[in-house]
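Numbering (our numbering), first residue to last: 60 to 186.
In structure tokens form, the structure reads like this:
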């Protein structure tokens with residue numbers, strides 16, 4: 060007499076799947092989402108901290124640099140054009156005027172008698 064042993068075809072909780080479907084399905088738990096969020100946020104926090112500590116590289120130094128400018132006092136009848144031609148005869152007066160206006164932070168190219176104007180260093184040697 061032969062005894063036939065039957066093997067169970069289904070284990071407790073197991074389901075049968077068709078051959079084309081994946082065998083596992085990833086479920087992200089609440090704890091897993093917290094860990095994933097933390098792992099994604101750590102490099103951002105470290106980068107922000109390093110940027111804040113370094114400050115971008117603009118550091119004030121204790122040494123001061125003194126730039127010497129030549130100054131011209133505007134006389135009656137003078138304009139920036141005439142000053143530009145006198146200070147830099149070989150340069151284009153429009154460029155010289157633009158540099159003078161920028162250096163002195165003038166609102167326009169209009170000057171008044173008695174006004175003291177700083178001349179940019181590259182033009183002060185031609186005076």
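Just so you know, even glycine gets a beta-carbon here, dropped at the ideal spot from N, CA and C. As the structure is a computational prediction, the values presented were derived from the model and not from experiment.
So, helix, strand or coil for residue i, using DSSP?
i: residue 185; result: Model confidence at residue 185 stands at a pLDDT of 48, short of 50, so the residue's coordinates are unreliable; what they give is reported in the following sentence. Coil at residue 185, not helix or strand.
i: residue 132; result: strand
i: residue 175; result: strand
i: residue 152; result: helix
i: residue 169; result: coil
i: residue 138; result: coil
i: residue 147; result: coil
i: residue 162; result: helix
Does the Cβ of residue i lie closer than 7 Å to at least one heavy atom of the ligand ZN?
i: residue 131; result: In terms of ligand content, the structure shown is empty, and the ligand ZN therefore cannot be addressed.
Along the chain, where does the alpha helix (DSSP H) containing residue i start, and where does it finish?
i: residue 92; result: 89-113
Is residue j closer than 8 Å to residue i when the C-beta atoms are compared?
i: residue 174; j: residue 133; result: yes
i: residue 177; j: residue 162; result: yes
i: residue 160; j: residue 168; result: yes
i: residue 179; j: residue 158; result: yes
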